[in-house]
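Numbering (the working numbering), first residue to last: 73 to 204.
For glycine and all other residues, C-beta sits at the position ideal for the given N, C-alpha and C.
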């Protein structure tokens, strides 16, 4: 068996190999920042909400090349945009933070079908969630 065959035996083996490389910033880090950090309101990253994906080549290997939101996400974004139109940007931002915390609780309690990352993508789509 060649070294290539060994490290590409499974996604887990390849991810472990990639994680062991002494790199400062891999493509998985770049994608993580693009998908999560750019829209995260946190000022301190020590207690990252997305730590399971941070520095995780296995997560990166599971991504598809399609970044187009699903029809469900687009539909939800349109409904949320209509709702947000009823409030100021500050009120909408506060509501988003509350919603994200609620989704985090659902995730902690292992309530399936909900992901706070979806809330971030929806907020990004309707332009109410900016870093800072």
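How would you label residue 99, buried or exposed, when you count the other beta carbons within 10 angstroms and need 16 or more for buried? If you number the chain shown from 1, residue 99 lands on position 27. Exposed: under 16 other Cβ atoms inside 10 Å.
Please tell me whether residue 89 and residue 96 are closer than 8 Å, where the distance is taken between their beta carbons. Locating residue 89 in the chain shown gives position 17, counting from the first residue. Locating residue 96 in the chain shown gives position 24, counting from the first residue. Contact flag unset, no.
What residue does the alpha helix (DSSP H) around residue 137 start on, and which one ends it? For the purposes of this step, residue 137 is taken as residue 65 along the chain shown, with counting starting at 1. Counting along the chain, residue 137 falls outside any alpha helix (DSSP H), and DSSP gives it neither H nor E.
Cutoff 7 Å; reference residue 133; Cβ partners in own chain excluding five residues on either side: Along the chain shown, one-based indexing puts residue 133 at 61. Same-chain partners within the cutoff: 83, 86 and 87.
Which stretch, first to last residue, makes up the alpha helix (DSSP H) that contains residue 74? Counting from one through the chain shown, the residue named residue 74 turns up at place 2. Residue 74 -> no alpha helix (DSSP H), and no H or E assigned at all.
With a CB to CB cut of under 8 Å and the five nearest residues on each side skipped, what residues in its chain are close to residue 124? In the chain shown, counting from the first residue as 1, residue 124 sits at position 52. Closer than 8 Å at the Cβ level, and outside the excluded window around residue 124, lie 131.
Note the first and the last residue of the continuous alpha helix (DSSP H) segment covering residue 84. Locating residue 84 in the chain shown gives position 12, counting from the first residue. Looking at the DSSP string, the run of the alpha helix (DSSP H) that includes residue 84 is 83–92.
Contact check, residue 121 vs residue 176 under 8 Å by CB: the rounded distance? For the purposes of this step, residue 121 is identified with residue 49 of the chain shown, where counting begins at 1. For the purposes of this step, residue 176 is identified with residue 104 of the chain shown, where counting begins at 1. Rounded, the Cβ-Cβ distance is 7 Å, consistent with contact.
Apply the 10 Å Cβ neighbour rule to residue 164 and answer buried if 16 or more other Cβ atoms are within range, or exposed otherwise. Working through the chain shown from its first residue, we reach residue 164 at position 92. Buried, because 16 or more other Cβ atoms sit within 10 Å of the Cβ of residue 164.
Start-to-end residues for the alpha helix (DSSP H) that takes in residue 104: Here residue 104 corresponds to residue number 32 of the chain shown, with the count starting at 1. It spans 99–107 - the alpha helix (DSSP H) in which residue 104 sits, taken as one unbroken run.
Which one of 112, 118, 101 and 135 has the shortest CA to CA distance from residue 168? Taking the first residue of the chain shown as 1, we reach residue 168 at position 96. Nearest option by C-alpha distance: 112.
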